[in-house]
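A.B. asks: Starting off with a structure, shown below.
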Amino acid sequence: MALALALGLLAGPVAAQTVPLPKPSPKPRDGIQLTATTTPTRGPSSAATQAPPEPVIPDPRRNVPSPLFVTFDAAQKAQAAKVSSYLSSLSTLVGNFVQVGPDGSRTKGDFYIQKPGKVRFEYDEPSPIAIIADGSSVAVRDRKLATQDIYPLSQTPLRYLLSDRIDLLRDTNVVSVTADDLFISVVIEEKQVLVGTSRLMLMIGAKDNQLKQWTVTDPQGYDTTVAVYNLDATKRPDPGMFKIDFTNYATPPG
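Heads up: the sequence shown at position 78 corresponds to 78 in the numbering used here, and the numbers run straight through without jumps.
Following this line, the structure appears as structure tokens:
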């Protein structure tokens with residue numbers, strides 16, 4: 001499951017359409033000023049100076065069954081509203097990420113968001129993976145295998161990050177809201193009859209009100225944590241970065 005290894009995006013297994021990977025376009029010369037036919041290769045900004053953060057790995061014992069009805073006090077509602085307001089204020093976001101997989105493996109890369117519904121994750125070498133969402137579908141591209149798997153965006157819990165506007169308490173099933181001196185953390189739970197229960201934990205900086213990391217917990221209880229840094233909400237990625245080539249290049253029979 002390439003997507004399970006790449007950001008843990010899916011809430012559970014779904015049918016994917018696999019097609020051969022289109023031939024790569026010429027590399028851009030610099031930055032993210034890209035045309036509709038090019039593919040980003042490096043970081044979002046040459047001026048990025050922050051060192052990669054140390055991801056906060058949640059305690060795996062935290063995933064206890066949630067009560068049937070969850071209530072929040074005024075402070076928790078205000079914290080959830082703060083996170084909702086921040087997410088809704090974004091139209092684009094560019095930055096770097098560090099991912100920690102369920103087995104403790106670490107990978108890094110760059111990401112580009114254009115709301116609503118569009119995102120691109122480029123993993124640093126030697127990972128062959130790139131993830132592209134075009135607003136309705138998500139493609140997981142594997143350069144090594146020369147394939148891409150297509151999934152519906154509606155099946156990815158990170159769609160909440162890509163919504164144009166969102167009220168977490170109204171639009172999602174929030175089961176936990178906590179805050180300390182460092183983070184405001186909101187946990188969203190999704191239950192699917194055939195798949196099971198998955199969770200998304202969003203963590204926002206308590207002082208700078210910026211996205212810090214998220215953790216996706218799959219129905220088997222495995223966590224994938226992604227910490228983000230060098231964030232820039234002013235850059236406008238080229239729309240061509242989010243286009244998925246659905247062409248099947250397989251040779252027809254006969």
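Even glycine gets a Cβ: it sits at the ideal position worked out from N, Cα and C.
If you draw a straight line from the alpha carbon of Val193 to that of Asp110, how long is it in whole angstroms?
C.D. replies: 34 angstroms
A.B. asks: On the premise that Leu231 lies in contact with Ile166, defined as a C-beta separation below 8 angstroms, what is that separation, rounded to the nearest angstrom?
C.D. replies: Cβ-Cβ separation between Ile166 and Leu231: approximately 18 angstroms, too far for a contact (criterion under 8 angstroms).
A.B. asks: Does the structure place the region 130-148 close enough to the region 101-119 that three or more beta carbon pairs sit under 8 angstroms?
C.D. replies: yes
A.B. asks: Could you give the DSSP three-state label for Phe242: helix, strand or coil?
C.D. replies: For Phe242, the three-state secondary structure derived from DSSP is helix.
A.B. asks: Since Asp149 is in the beta strand (DSSP E), which residue starts that stretch and which ends it?
C.D. replies: 147-152
A.B. asks: By a C-beta neighbour count over all protein chains shown, 10 Å radius and 16 as the cutoff for buried, is Gln255 buried or exposed?
C.D. replies: This structure does not reach residue 255, given that the chain is present from 1 up to 254, and the question cannot be answered.
A.B. asks: Find the nearest neighbour of Gln114 within the set Val174, Gly95, Val195, judged by alpha-carbon distance.
C.D. replies: Gly95
A.B. asks: Between the C-alpha atoms of Ile57 and Tyr222, what's the straight-line distance to the nearest angstrom?
C.D. replies: 12 angstroms
A.B. asks: Looking at C-alpha atoms only, which residue of Pro157, Gln155, Glu122, Leu161 is the closest neighbour of Asp142?
C.D. replies: Glu122
A.B. asks: Out of curiosity, what's the CA-to-CA distance linking Gln220 and Ser84?
C.D. replies: 28 angstroms
A.B. asks: Is Val174 closer than 9 angstroms to Val187 when the C-beta atoms are compared?
C.D. replies: yes
A.B. asks: To the nearest angstrom, how far is the alpha carbon of Met241 from that of Lys235?
C.D. replies: It is roughly 13 angstroms from the alpha-carbon of Met241 to the alpha-carbon of Lys235.
A.B. asks: Compute the Euclidean distance between the alpha carbons of Pro239 and Thr147, then round it to the nearest angstrom.
C.D. replies: 22 angstroms
A.B. asks: Indicate the three-state DSSP secondary structure (helix, strand or coil) for Thr234 in the structure shown.
C.D. replies: coil
A.B. asks: Mapping the DSSP letters down to three states, classify Leu168 as helix, strand or coil.
C.D. replies: helix
A.B. asks: Mind checking Asp218: buried by the 16 CB within 10 Å criterion, or exposed?
C.D. replies: Classification of Asp218: buried, given that the 10 Å Cβ count is 16 or more.
A.B. asks: Is Ser145 near Leu153, with beta carbons less than 9 angstroms apart?
C.D. replies: Position check: residue 145 holds Leu in this sequence, whereas Ser was assumed. Contact flag unset, no.
A.B. asks: Whole angstroms are fine: how far does the CA of Ile204 sit from the CA of Ala233?
C.D. replies: 15 angstroms
A.B. asks: Go to Ala133, then tell me how far its alpha helix (DSSP H) extends in each direction, as first and last residue.
C.D. replies: Run containing Ala133: none in the alpha helix (DSSP H); it sits in the beta strand (DSSP E), 129-134.
A.B. asks: Using the Cβ count rule (16 or more neighbours within 10 Å means buried), how would you classify Arg170?
C.D. replies: exposed
A.B. asks: Leaving aside the five residues before and after Tyr229 along the sequence, list all residues of the same chain whose C-beta is less than 7 angstroms from its C-beta, in chain order.
C.D. replies: Annotation for Tyr229: Gln50, Pro52, Pro53, Gly95, Asn96 place their beta carbon closer than 7 angstroms to its own, counting only its chain and skipping 5 residues before and after.
A.B. asks: Exposed or buried, which one is Ser198 when buried takes at least 16 other CB atoms within 10 Å?
C.D. replies: buried
A.B. asks: Is DSSP giving Thr77 helix, strand or coil here?
C.D. replies: According to the sequence displayed, residue 77 carries Lys and not Thr. Here Lys77 sits in helix by DSSP.
A.B. asks: Count the other CB atoms within 10 Å of the CB of Ile71; is the residue buried (16 or more) or exposed (fewer)?
C.D. replies: Here residue 71 is Thr; the residue named in the question, Ile, does not match the sequence. So Thr71 counts as exposed.
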